[in-house]
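Working notes, beginning with the structure itself.
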Amino acid sequence: MSGSRGTTRRRARGSAEGSAGRPAERSAERPARASAEVAARVSTRGGFGLVGPRRERHVVAAADLDALALPVGDDGVVIGVDAQGRPAVLGINRPAPYEVTLVGGLWTAQVLALRAAATGARVAVETGRGQVWSGLAQAAGGGQQCVTLHDVGRVPPQGASAGSPVLVIRDCGMRPPRGRVAAGPWQSVLTLLPYLSPTAPRLLRNSSLVGVQRVSPDEAEQIGRLMRLPSGAVESLPTLGDGVTLWCNALDRQFVMTQPTDTETGLLGPARRID
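Take 376 as the starting number for the sequence shown in the numbering used here and just add one per residue.
What follows is the structure in structure tokens.
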């Protein structure tokens, strides 16, 4: 009797569980729950796409994070490399007025013009020596007139905008007159000075950025006072090699070597400080 009661209880318990559907529910829930988990993982992996084969992630140690940088922006011109060999970028396409003064050679200004045009900017050159710019203007843009030449004081309004930024290069000698076209939103102005002149202090003080190539010791001392350069930087200015520029402002300074591409060398020749 006791054995039959135990058997009856087990059958009753199994019948009750079967009638409640618990084992059946568990087996049915497993694939449904797994599908839901996969769907949840897929929905939260928007940056990586669908779950696929395992692949190794790129990992950088925390100590190396400071070395990471984006060397090129969509509004930047690569003007060369710094002392560590990293690309140095000059952001000339800006929503606010931006003025640059370069105390240096024509070669560097022309490289900047070519590279600015390559980023999509229009370049307007104000110059009294159009013959030294004409070859560049014809070669730039691949047939499009992205570099235009204008006589001194005759640069028309350029209509700069975010979609069509402009760089005005003023190659007007030692004493450039006040320009008709000033820096404005999406229109930067670069003034080229072959050497220091009586107008240089005003230009350097009003510039957002100043570039200095090889100058005489006396000029280096004067630039050092105007730009508050440390003595080491001042002493190095008379010894800079061709193609080397000290770019500086009130907050920062950096020596940059401009290395021409084969195309630039073919058009402009090798780097040189003296025109």
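Don't be surprised by glycine CBs; every beta carbon is placed ideally from N, CA and C. Quick caveat, the model's predicted, so the values are computed rather than measured.
- In this structure, G455 lies away from T636, with their beta-carbon atoms at least 8 Å apart.
- Within 10 angstroms of the beta-carbon of I649 lie fewer than 16 other beta-carbons, which makes it exposed.
- Your pair L565 and L511 does not check out as a contact, with CB atoms roughly 14 Å apart and the cut at 8 Å.
- At least 8 Å separates the beta-carbon of T483 from that of A499.
- Put simply, of D546, L615 and D457 the residue whose alpha carbon is nearest the alpha carbon of S591 is L615.
- For secondary structure counted as the beta strand (DSSP E) over 3 or more consecutive residues, the stretch 530–581 holds these complete runs in sequence order: 541–546 and 562–568.
- The C-beta of G503 has fewer than 16 other C-beta atoms within 10 Å across all chains shown, which makes the residue exposed.
- Short of 7 Å from the beta carbon of P551, and not among the five residues preceding or following it, lie these beta carbons of its own chain, in chain order: R545, T566 and T574.
- In the three-state scheme derived from DSSP, where H, G and I count as helix and E and B as strand, Q629 is classed as strand.
- The criterion of a C-beta distance shorter than 8 Å is satisfied by A471 and P560.
- Nearest in C-alpha terms to G548, of all of G451, V527, G641 and D593, is V527.
- Of the candidates L642, A646, G641 and R628, the residue whose Cα lies closest to the Cα of A463 is R628.
- DSSP, read as helix, strand or coil, puts L487 in helix.
- According to DSSP, residue pairing for C623 in a beta bridge involves V585 and R628.
- Spatial neighbours of E639 in its own chain (CB-CB distance under 7 Å, excluding positions within 5 residues in sequence) are listed in chain order as V486 and L489.
- Counting the other Cβ atoms within 10 Å of the Cβ of V507 gives fewer than 16, which makes it exposed.
- For a cut-off of 8 Å, the C-beta gap from L584 to N624 is around 5 Å, short enough to register as a contact.
- Here the alpha carbon of A557 sits roughly 15 Å from the alpha carbon of R497.
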